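Each remark here refers to the structure printed beneath this line.
Numbering (this note's numbering), first residue to last: 32 to 334.
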């Protein structure tokens, strides 16, 4: 098997390329490794897809070395190729998807990644794009765009970038007009605060937007919040962080939470839709689940 490390030098607070080179140098002989450093947005997908197309069936394991956006690009390049696997060496700001498996620390040991176990997991398709973790829009789209702007700034960036985004969105992104249809049933026709569609459970570094998600059940967790005052939102944000919001009686009239295989979104004006933190714009989106379409490698439990 070929082990290919895709490094995004712009992810996180600093370039992790030298760190990864050093760790690979300490691996046992006989492990076939390669490093590719991305050059621009979308480069990881192009590179991975090209390697898969020209692999002659040789097993390939791609290691996404960056954040959720890098993982999205790497995974997107492997969809449809049965000889390709993906795992993650998390070196981004949020690293949300791996929290489903216990968090970043489990994925920082490259030897355990190489010895890891393949799990077939779901991925969402949106046109010719994909999302492994979460699609979201409304309030969260404002958060995503703000995170892009501040992620490398001191104090307000890094792990605090999502919180910074929330503070800005409270004043600029609390009403989005839309029609949302899940598996043929209209679940919203009017303004919303935000909508999340998840296979993973976390967004923004620590917020549990889809606390009941199973990433291999063929279903997307859909959560729609109605517009609310800043004071009410402030009272709910703690339960959104720990995932307990779905059990709160005082939230039930403000939220719809359900599962589905296909979601259709229509808006009167163009909106941003976040795909694992990457923004696309439009007035009509269809999100379709592709069950167990990705071979994702989880680190071994052995030391």
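Using N, Cα and C, we set each Cβ at its ideal position, and we do this for glycine too. Note that the coordinates shown come from a computational prediction; the quantities given were computed from them, not determined experimentally.
Here residue 83 is actually not in contact with residue 304; their C-beta atoms are around 26 angstroms apart, not less than 8 angstroms. DSSP, reduced to helix, strand and coil, places residue 33 within a strand of the structure shown. For residue 83, the enclosing alpha helix (DSSP H) stretches over residues 74 to 84.
Where residue 273 is concerned, the enclosing alpha helix (DSSP H) starts and stops at 261 to 273. Here residue 147 has 118, 328, 329, 330 and 331 as same chain residues with Cβ atoms under 7 angstroms from its own Cβ, once five neighbours each way along the sequence are excluded. In the three-state reduction of the DSSP assignment, residue 42 falls in the coil class, being assigned neither a helical nor a strand state. Separation of residue 276 and residue 86 (C-alpha to C-alpha, rounded to the nearest whole angstrom) is 46 angstroms.
Scanning the stretch 93 to 132 from its first residue to its last, the whole beta strand (DSSP E) runs of 3-plus residues come out as 115 to 121. Residue 32 sits exposed, since fewer than 16 C-beta atoms from the chains shown fall within 10 Å of its C-beta.
Between residue 324 and residue 127, the C-beta gap is not smaller than 8 angstroms, which leaves the two residues out of contact.
The three-state secondary structure of residue 324, taken from DSSP, is strand. In the three-state reduction of the DSSP assignment, residue 151 falls in the strand class.
Taken in chain order, the complete beta strand (DSSP E) segments of 3 or more residues contained in the stretch 206 to 290 are 207 to 213, 216 to 223, 225 to 229 and 251 to 256. Taking the Cα of residue 313 as reference, the smallest distance to any Cα among 174, 158, 142 and 57 is reached at 158.
In this structure, residue 42 places its C-beta atom within 8 angstroms of the C-beta atom of residue 98. For residue 202, the enclosing alpha helix (DSSP H) covers residues 192 to 203.
The three-state secondary structure of residue 163, taken from DSSP, is coil.
Between residue 231 and residue 164, the C-beta spacing is below 8 angstroms. Minimum Cα-Cα distance from residue 215 among the listed residues 100, 36, 318 and 111 corresponds to 318. In the same chain as residue 309, and ignoring 5 residues on each side of it, the C-beta atoms closer than 7 angstroms to its own belong to 100 and 103, in chain order.
When DSSP reads this structure, residue 168 sits in a beta bridge with 226 and 304. Contact between residue 161 and residue 95 fails: their C-beta atoms lie close to 13 angstroms from each other, not under 8 angstroms. The count of Cβ pairs closer than 8 angstroms, one atom from the stretch 278 to 298 and one from the stretch 176 to 190, stays below three, leaving the stretches out of contact.
By the criterion of a C-beta distance shorter than 8 angstroms, residue 63 is surrounded in its chain by 32, 33 and 34, once the five residues flanking it on both sides are discounted. Membership of residue 64 in the beta strand (DSSP E) is indicated by the continuous run 63 to 68.
Our two residues, residue 242 and residue 270, have alpha carbons roughly 11 angstroms apart in a direct line. The beta-carbon distance between residue 236 and residue 190, rounded to whole angstroms, is 6 angstroms. This is short enough to meet the 8 angstroms contact definition.
Taking 8 angstroms as the upper bound for CB-CB distance, residue 58 and residue 142 are in contact here, some 7 angstroms apart. Rounded to whole angstroms, the separation of the alpha carbons of residue 218 and residue 124 is 33 angstroms.
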